[in-house]
Amino acid sequence: MPLLSYREAIRHALAEELQRDPNVVVMGEEVGQFNGAYKVTEGLLEKFGPKRIVDTPISEAGFVGLGIGASMLGIRPVIELMFWSFYAVAFDQILNNAANIRYMSGGQIHCPLVIRGPGNGGTNVGATHSHTPEAICASHPGVKVVCPATAYDAKGLLKSAIRDNDPVLFMENTLLYGEKWEVPTEEYLIPLGLADVKRPGTDLTIIAHGRAVVSSLAAAHTLEQDHGISAEVVDLRSIRPLDEETVLASVRKTHRVLLVEEGKPFCGVGAQLAFMIQEAAFDDLDAPIRRINSIDAPAIYSPPLEAQQLPDAGKIIQAAIELLR
Amino acid sequence: MLLIRRFEERSLRAYQAKKIGGFLHLYNGQEAVAVGCCSLLGDNDHVITAYRDHGHAIAMGMDIKALMAELYGKATGCSKGKGGSMHFFDPARNFWGGHGIVGGQVPLGAGIAYALKYRGIAGACLAFMGDGAVNQGSVHETYNLAALWQLPVVFVIENNGYSMGTSQARSSAGELSKRAEGYDMDWGICGGHDIYEVRACMAKFVAQARDRSKPAIVEIDTYRYRGHSVADPDNTYRTKAEVEEYRRSKDPIQVFRNALLAEGVLDEIGATAIDAAVRAEAEAAAEFAEASPFPAVADITKDVYWEEDNPSEKQSRGRIFFG
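Set out below in structure tokens:
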């Protein structure tokens, strides 16, 4: 199987869906002529032309809202946010309009659009550019939230997201764009809401999404090699819908849970997971659930400090050892 | 216009009788704007508006029974009781709401126009907003996109003089539609009390949007007789005399009625008969709403996700609702 970068995998997903469905339109800042701020859309303008690959001005509330309006008539916009952090200036459009219109119209209208881009810290760009909005977005019924951790997942999930008839918020990671994974050449789709056991184990379950999965896998490797601990790593892939079944099956198998998440702890994805696990599998737990999030403050700029603010393999290893003590 | 007026009067009575919850933004006094504009539209033309949406919904041909039932929060409402007064929708009649956040619907209007242009359909979208919306960032972002991409949209500013309780003089610098010049767009302004004037002004802008994909901003000056919403006691920012003066001299229904009488198209008997029929229709709508059932608790989680409501075509897995 060929190795493909996370960036290329997303690009291939876009190209395949653009090819497949004439209603698919890619729009955003610098997606065309500039070839994408992070080069995700490189070459697409040349291949599909300016009607399908649309450069927008810096105007998130405007073009996100425009995309939502177009989606009501059956266009399938895939809107790139240069950073998910910029969702805040389009918040009303995403979470009042896209999320609510189907409901407020009594189901008469739906909004088949995807908003995608990187939503992560760890790149020393300070608090304004380092938001991880999956928890806050997923708390709004009406949208779906997807956070792929690998190139394989990114491609299969994005293709499903584009075909989905509900608004899908697709959160990538700049630190993964250059990383490579095996990706098949033949077409495949990954359904939203299906978690993936990235590594089987028996002693504890580590539940993560996005780049935290990569850190968790590195930690699981070291735990096995150096400490004789067998950690199962569950990648949520999708925050909403959430694969409760896979999560609970793993908890019932290992009886210990470590939640790892780049987002902040307060009202984070982990808070929802911990509630769900204790409610459904309290008697299966042999220890209190632990979690690792970013340290609860705005993202710090200082590069060595930001590295310490985020979850990493070292912190995961430490927490796993303590959890099994 | 008369149907809108009588619908609004009947809904106010229902509100006062505590049959309707939340806000109720009445359209009394502004009828010629929605009716004049929407009367120019064809099968491929679309409308979106803000929260004072009853007039546009009726002008676009929605059934007032479904509208009244929506106000009552009933399952037979146009949005199954899920939207309320500010959120009427009827995509089958090219009416895309009914939006609660000031200026929030304006980018959607440009998106509808974008979809028309993308598909090569000769149609236009009228994106209505109040004078209170013109200072929202989303509106200016949309002006720019519409002009930049030459979208077939006409932005219609219904200027009733007050953004809630703040007069135009206290909220907006300069002329409202003239801001189009900054975006190199056409603009116009007309009175909203005379339906003929509204139609004459709008016809050109609708036609050039539809036929040449040329956007424009049009300000239509109008007046609302009631407070911002029924919760507004309407005693802090304007005088009763001001309201009465407009009603006396510029009431859009009276102006139209007088014109029809003068032209001999209508006589007093005919006018009285129309009014009686329309009152009866409004009353029947209230009776329909009254007799209709409320939605069930199980309906609360329906119409949230397309997929959940179309289980045979569901692709996703996993839990979507949380308790």
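Just so you know, the protein sequences line up as chains D and X, in that order.
Going by the working numbering, the first residue of the first sequence is number 977, and it counts up by one from there.
Going by the working numbering, the first residue of the second sequence is number 84, and it counts up by one from there.
All C-beta atoms in this analysis are idealised placements derived from N, C-alpha and C, irrespective of residue type, glycine included.
Quiz item: On the three-state DSSP scale, how would you describe D:R1267?
Solution: Counting from 1 along the first sequence, the entry for residue 1267 of chain D is found at position 291. In this structure, D:R1267 counts as strand in the three-state DSSP scheme.
Quiz prompt | Strand pairing of D:P1094, partner residues [DSSP] | solution = If you number the first sequence from 1, residue 1094 of chain D lands on position 118. DSSP, once it has assigned bridges, lists D:E1148 as partnering D:P1094.
Quiz item: What are the boundary residues of the alpha helix (DSSP H) that D:P1176 is part of?
Solution: Looking up residue 1176 of chain D in the first sequence gives position 200. Note, D:P1176: premise wrong, no alpha helix (DSSP H); not H, not E.
Quiz item: Near D:A1171, which residues of its chain fall below 7 Å by C-beta distance, leaving aside the five closest residues on each side in sequence?
Solution: Reading the first sequence from its first residue, position 195 is the one you call residue 1171 of chain D. These residues qualify, in order along the chain: V1210, D1211, L1212, R1213, D1219, T1222 and V1223.
Quiz item: Which term fits X:R89, buried or exposed, when burial requires 16 or more other beta carbons within 10 angstroms of its beta carbon?
Solution: On the second sequence, residue 89 of chain X is found 6 positions in, with the first residue counted as 1. It counts as buried.
Practice problem: Mind checking who X:S250 pairs with in its DSSP beta bridge? | Solution: In the second sequence, counting from the first residue as 1, residue 250 of chain X sits at position 167. Answer by DSSP bridge pairing, in chain order: X:Y245.
Practice problem: Ignore the nearest five residues each way along the sequence and tell me which others in D:P978's own chain have a CB closer than 6 Å to its CB. | Solution: The count along the first sequence starts at 1 and reaches residue 978 of chain D at position 2. Result list for D:P978: empty, nothing under 6 Å.
Quiz item: Which ranges would you report for the alpha helix (DSSP H) in the stretch 280-356 of chain X if only whole runs of at least 4 residues count?
Solution: Taking 4 residues as the minimum length, the alpha helix (DSSP H) runs contained wholly in the stretch 280-356 of chain X are 323-333 and 335-345, in order along the chain.
Quiz item: For the beta strand (DSSP E) that X:I141 lies in, which residues bound it at each end?
Solution: Here residue 141 of chain X refers to the residue found at position 58 of the second sequence. Taken as a continuous stretch (DSSP letters only), X:I141 belongs to no beta strand (DSSP E), being part of the alpha helix (DSSP H) at H137 to A142.
Self-check item: Nearest-angstrom beta carbon gap, D:K1156 and D:A1127 [assumed within contact, 8 Å]
Solution: For the purposes of this step, residue 1127 of chain D is taken as residue 151 along the first sequence, with counting starting at 1. For the purposes of this step, residue 1156 of chain D is taken as residue 180 along the first sequence, with counting starting at 1. 7 Å between Cβ atoms; contact.
Quiz item: Do you know how far the Cα of D:E1036 is from the Cα of X:S221?
Solution: Indexing the second sequence from 1 puts residue 221 of chain X at position 138. Indexing the first sequence from 1 puts residue 1036 of chain D at position 60. Roughly 9 Å separates the two Cα atoms.
Quiz item: Are X:I240 and X:E327 touching if we call contact CB-CB under 7 Å?
Solution: As a position in the second sequence, residue 240 of chain X is number 157, starting the count at 1. As a position in the second sequence, residue 327 of chain X is number 244, starting the count at 1. No; because the gap between Cβ atoms is not below 7 Å, this pair is not in contact.
Quiz item: Could you give the distance in angstroms between the alpha-carbon of D:T1230 and the alpha-carbon of X:M212?
Solution: Sequence index remark: in the first sequence, residue 1230 of chain D carries index 254 (1-based). Sequence index remark: in the second sequence, residue 212 of chain X carries index 129 (1-based). About 57 Å.
Quiz item: Cα separation between D:F1010 and D:L1021?
Solution: In the first sequence, the residue the question calls residue 1010 of chain D occupies position 34. In the first sequence, the residue the question calls residue 1021 of chain D occupies position 45. Rounded to the nearest angstrom, the two C-alpha atoms are 9 Å apart.
Practice problem: Closer than 7 Å, Cβ to Cβ, to anything on chain X: give me those residues from the stretch 1080-1100 of chain D, in chain order. | Solution: M1080, S1081, G1082, G1083, Q1084, I1085 and H1086
Self-check item: D:S1191 at chain X interface by Cβ criterion, 7 Å
Solution: Taking the first residue of the first sequence as position 1, residue 1191 of chain D is located at position 215. No, because no Cβ of chain X sits closer than 7 Å to the Cβ of D:S1191.
Exercise. Report the partner residues of X:F211 according to the DSSP bridge assignment.
Key: Position 128 of the second sequence, counting from 1, holds the residue named residue 211 of chain X. Beta-bridge pairing links X:F211 to X:V239.
Exercise. May I ask which residues mark the beginning and end of the alpha helix (DSSP H) holding D:G1045?
Key: Residue 1045 of chain D sits at position 69 when you count from the first residue of the first sequence. It spans E1036 to M1048 - the alpha helix (DSSP H) in which D:G1045 sits, taken as one unbroken run.
Practice problem: Select from X:V185, X:Y266, X:H139 and X:G183 the residue whose C-alpha is nearest the C-alpha of X:E91. | Solution: Looking up residue 91 of chain X in the second sequence gives position 8. Closest in alpha carbon position to X:E91, among X:V185, X:Y266, X:H139 and X:G183, is X:H139.
Quiz item: For D:A1064, does the three-state DSSP call read helix, strand or coil?
Solution: Along the first sequence, read from residue 1 onward, the residue named residue 1064 of chain D stands at position 88. Helix at D:A1064.
Practice problem: Kindly provide the ranges of any beta strand (DSSP E) runs that are 3 or more residues long and lie completely inside the stretch 94-159 of chain X, ordered along the chain. | Solution: 129-131
Quiz item: Would you call the CB atoms of X:K333 and X:H276 closer than 7 Å?
Solution: By 1-based counting over the second sequence, the position of residue 333 of chain X is 250. By 1-based counting over the second sequence, the position of residue 276 of chain X is 193. It is a contact, given that the beta carbons lie within the stated cut-off.
Quiz prompt | Contact with chain X by D:I1166, beta-carbon distance below 7 Å | solution = Counted from its first residue, the first sequence places residue 1166 of chain D at position 190. False, the Cβ-Cβ gap to chain X never drops below 7 Å.
Quiz item: Is X:L95 closer than 7 Å to X:S312 when the C-beta atoms are compared?
Solution: Within the second sequence, numbered from 1, the residue matching residue 312 of chain X stands at position 229. Within the second sequence, numbered from 1, the residue matching residue 95 of chain X stands at position 12. No, Cβ-Cβ distance for X:S312 and X:L95 is not below 7 Å.
Quiz prompt | Beta-ladder partner(s) of D:A1207, from DSSP | solution = Reading the first sequence from its first residue, position 231 is the one you call residue 1207 of chain D. In the DSSP output, where bridge partners are listed per residue, D:A1207 has D:L1180.
Practice problem: Run down chain X in chain order and give the residues with a C-beta less than 7 Å from the C-beta of D:M1304. | Solution: Nothing can be reported for residue 1304 of chain D: it is not among the residues displayed for chain D, which extend from 977 to 1301.
Quiz item: Can you tell me whether X:K297 is buried or exposed, with buried defined as 16 or more other CB within 10 angstroms of its CB?
Solution: Indexing the second sequence from 1 puts residue 297 of chain X at position 214. Answer is buried; the Cβ neighbour count reaches 16.
Quiz prompt | Three-way DSSP call (helix, strand, coil) for X:W270 in this model | solution = Start at 1 with the first residue of the second sequence, and residue 270 of chain X comes out as number 187. Strand, per DSSP.
Quiz item: Name the chain D residues whose beta carbon is nearer than 8 Å to that of X:H170?
Solution: By 1-based counting over the second sequence, the position of residue 170 of chain X is 87. M1080 and S1081, listed in chain order.
Quiz item: Using CA coordinates, which residue listed in X:R362, X:R135, X:M151 and X:N111 is at the minimum distance from X:K102?
Solution: Working through the second sequence from its first residue, we reach residue 102 of chain X at position 19. Answer by Cα proximity: X:M151.
Exercise. Examine chain X for any beta-carbon lying closer than 7 Å to the beta-carbon of D:G1008, and answer yes or no.
Key: For the purposes of this step, residue 1008 of chain D is taken as the residue at position 32 of the first sequence. No - not a single Cβ of chain X is within 7 Å of the one on D:G1008.
Self-check item: Proximal residues of chain X, C-beta to C-beta of D:D1068 below 8 Å
Solution: As a position in the first sequence, residue 1068 of chain D is number 92, starting the count at 1. Taking a Cβ-Cβ cut-off of 8 Å, the neighbours of D:D1068 in chain X comprise I184, G187 and S221, given in sequence order.
Exercise. Would you mind stating whether X:G248 and X:Y320 have Cβ atoms separated by less than 7 Å?
Key: The sequence position of residue 248 of chain X within the second sequence is 165, counting from 1. The sequence position of residue 320 of chain X within the second sequence is 237, counting from 1. A contact, by the Cβ cut-off of 7 Å.
Self-check item: Any alpha helix (DSSP H) of 4 or more consecutive residues that is wholly inside the stretch 1236-1294 of chain D
Solution: 1245-1257 and 1279-1285
Quiz item: Once you ignore the five residues that flank D:E993 on each side, which residues in its own chain have a CB closer than 7 Å to its CB?
Solution: Working through the first sequence from its first residue, we reach residue 993 of chain D at position 17. These residues qualify, in order along the chain: V1000, K1135 and I1138.
Quiz item: Near D:I1051, which residues of its chain fall below 7 Å by C-beta distance, leaving aside the five closest residues on each side in sequence?
Solution: For the purposes of this step, residue 1051 of chain D is taken as the residue at position 75 of the first sequence. Within the same chain, and ignoring the five residues on either side of D:I1051 in sequence, the residues whose Cβ sits closer than 7 Å to its Cβ are N999 and V1001.
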